[in-house]
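Below is one structure, written out as structure tokens, with a few remarks after it.
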Amino acid sequence: MTENEKKPSPDGSQAASAQDTPPASGDDIVSRFLSGQGAADETPAPENPRCGFVALVGAPNAGKSTLLNALVGSKISIVSPKVQTTRSRVLGIGMEGDSQILYVDTPGIFTPKKRLERAMVAAAWQGATDADLVAVLFDATQKRIDDDTLGIIEKLKEAGRKALLILNKIDLIRRDRLLELAQEFAGHGIFTDTFMVSALTGDGLQGLLKFIAGALPAGPWLYPPDQLSDMPERLLAAEVTREKLFLQLHQEVPYATTVETESWQEFENGSVRISQVIYVQRDSQKAIILGKGGARIKSISVASRLELTKMLERPVHLMLFIKVRENWSEDPDQYEAWGLDFNA
Numbered sequence: 000m001t002e003n004e005k006k007p008s009p010d011g012s013q014a015a016s017a018q019d020t021p022p023a024s025g026d027d028i029v030s031r032f033l034s035g036q037g038a039a040d041e042t043p044a045p046e047n048p049r050c051g052f053v054a055l056v057g058a059p060n061a062g063k064s065t066l067l068n069a070l071v072g073s074k075i076s077i078v079s080p081k082v083q084t085t086r087s088r089v090l091g092i093g094m095e096g097d098s099q100i101l102y103v104d105t106p107g108i109f110t111p112k113k114r115l116e117r118a119m120v121a122a123a124w125q126g127a128t129d130a131d132l133v134a135v136l137f138d139a140t141q142k143r144i145d146d147d148t149l150g151i152i153e154k155l156k157e158a159g160r161k162a163l164l165i166l167n168k169i170d171l172i173r174r175d176r177l178l179e180l181a182q183e184f185a186g187h188g189i190f191t192d193t194f195m196v197s198a199l200t201g202d203g204l205q206g207l208l209k210f211i212a213g214a215l216p217a218g219p220w221l222y223p224p225d226q227l228s229d230m231p232e233r234l235l236a237a238e239v240t241r242e243k244l245f246l247q248l249h250q251e252v253p254y255a256t257t258v259e260t261e262s263w264q265e266f267e268n269g270s271v272r273i274s275q276v277i278y279v280q281r282d283s284q285k286a287i288i289l290g291k292g293g294a295r296i297k298s299i300s301v302a303s304r305l306e307l308t309k310m311l312e313r314p315v316h317l318m319l320f321i322k323v324r325e326n327w328s329e330d331p332d333q334y335e336a337w338g339l340d341f342n343a
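Here the sequence shown is numbered in numbering that gives the first Met the number 0, starting from 0 and rising by one per residue.
Here it is in structure tokens:
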């Protein structure tokens with residue numbers, strides 16, 4: 000068996016790795032990507048700084064995570080074509096002139112049925128409640144304003160909150176249709192300004208950025224100016240692998256999975272070894288993720304390792320294990336790790 004093949008562990012789980020080297024140290028890495036490495040001490044604060052939170056809310060798959068990544072200028076929130084990919088609140092930190100913009104990417108808002116879904120939607124509304132600005136994102140390619148988005152509008156009305164309207168994916172829709180949508184949304188009476196953007200191509204983003212920067216309250220920056228997120232590196236790594244599961248798996252299987260980073264070890268050559276567990280609810284799901292001869296788990300491992308190597312700017316050795324834990328979605332500790340309310 001080569002080091003690139005799947006390897007059984009004593010507990011019967013499976014591992015897939017593209018590389019493997021004994022670790023030199025057990026110290027956690029605090030990457031420049033997350034921490035800014037003390038840049039607050041090196042960059043003088045402006046005379047009139049602004050800082051505030053902007054909640055990105057919308058129906059599932061409106062493009063909130065893609066927009067967040069585009070506004071921040073780096074990938075910090077996972078993206079897939081499937082709905083409900085984002086499970087917890089993600090903070091993205093962007094700079095525009097003297098303004099520090101703290102974007103809160105929230106889970107899609109929909110009618111929840113399961114405990115995890117209720118916690119996700121509760122987190123989204125909490126993000127909107129606490130924010131200085133609320134931006135409602137809508138997929139402009141839809142034929143009509145969907146029920147989930149209408150529900151968001153009604154709840155914002157009840158709370159007395161005004162919002163920005165962001166019509167996304169304008170690269171895929173005719174201009175006359177965009178104007179019709181803007182007029183239809185304006186009739187609801189809660190939108191102070193409307194922006195038409197493409198998170199994918201970047202069209203319209205500069206105007207949106209300048210508006211948000213000028214609308215934030217005066218106040219000191221809360222983070223170093225080159226920090227991009229407050230997400231712990233272990234959770235970030237787990238989210239990257241979960242994204243690859245969503246991209247390579249279908250139907251209910253990706254929704255029945257969660258990923259935990261069990262260890263993060265530094266090497267003498269500057270690389271890092273990450274060991275993760277993919278939890279599933281049934282043996283049949285484990286078999287699907289493994290794939291024939293371990294092909295799928297290896298493909299997921301390689302894709303995740305390449306992304307983490309680029310993101311962390313250092314070589315990554317990734318070990319993936321699959322374990323069955325039937326009730327992981329009912330584990331209060333799991334919700335706490337995600338920043339979700341188990342009792343929502």
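Virtual Cβ for every residue (Gly too), placed ideally from N, Cα, C.
- Shown here, Q280 sits in coil according to DSSP, grouped into three states, outside any helix or strand.
- Separation of the CB atoms of S262 and S274 is rounded to 4 Å, and the pair is thereby assigned contact status at 8 Å.
- CA-CA distance, Q125 to K156, rounds to 15 Å.
- With the rule of 3 Cβ pairs closer than 8 Å, the segment 134-144 counts as touching the segment 167-175.
- Fewer than three pairs of CB atoms, one per stretch, sit closer than 8 Å, so the segment 193-209 makes no contact with the segment 227-237.
- Boundaries of the alpha helix (DSSP H) around I151: 146-158.
- By the Cβ criterion, the segment 271-291 is in contact with the segment 250-260, since at least three pairs of Cβ atoms, one from each stretch, lie closer than 8 Å.
- Taking all protein chains in view, the Cβ of E153 is surrounded by fewer than 16 other Cβ atoms within 10 Å, so the residue is classified as exposed.
- For E251, there is no enclosing beta strand (DSSP E), as DSSP marks it with neither H nor E.
- Beta-bridge analysis with DSSP links S274 to S262, M318.
- When DSSP states are grouped into helix, strand and coil, S98 belongs to the strand group.
- At a Cβ-Cβ threshold of 8 Å, A255 and V279 count as neighbours.
- Just measuring C-alpha positions, the residue of L289, F266, E267, N268 sitting nearest I277 is L289.
- Straight through space, the alpha carbons of L221 and A44 are spaced by roughly 11 Å.
- For V301, the three-state secondary structure derived from DSSP is helix.
- Around the C-beta of L149, fewer than 16 other C-beta atoms lie within 10 Å, and the residue is accordingly described as exposed.
- Taking the Cα positions, Y334 is about 44 Å away from D175.
- Distance from the CA atom of P314 to the CA atom of L307, rounded to whole angstroms, is 8 Å.
- Its Cα nearest to that of A162, the residue F184 stands out among E179, I144, F184.
- DSSP places I211 in the uninterrupted alpha helix (DSSP H) bounded by 204-214.
- Shown here for I77: same chain residues with a beta carbon closer than 8 Å to its own, the five before and five after excluded, namely S64, T84, T85, E238, V239, R241, E242, F245 in chain order.
- Closest by C-alpha distance to L204, out of N167, A294, V89, is N167.
- S73 sits exposed, since fewer than 16 C-beta atoms from the chains shown fall within 10 Å of its C-beta.
- Here V53 is not near T105, since their CB atoms are 8 Å or more apart.
- Note on geometry: alpha-carbon atoms of A236 and L208 lie some 28 Å from one another.
- Taking 4 residues as the shortest admissible run, the segment 48-73 contains the following complete alpha helix (DSSP H) segments, listed from N- to C-terminal end: 63-71.
- Nearest to E179 by alpha-carbon distance, out of S328, L101, I144, is I144.
- If you check the CB distance, R49 and L215 come in under 8 Å.
- Between I92 and A212, the gap from beta carbon to beta carbon reaches 8 Å or more.
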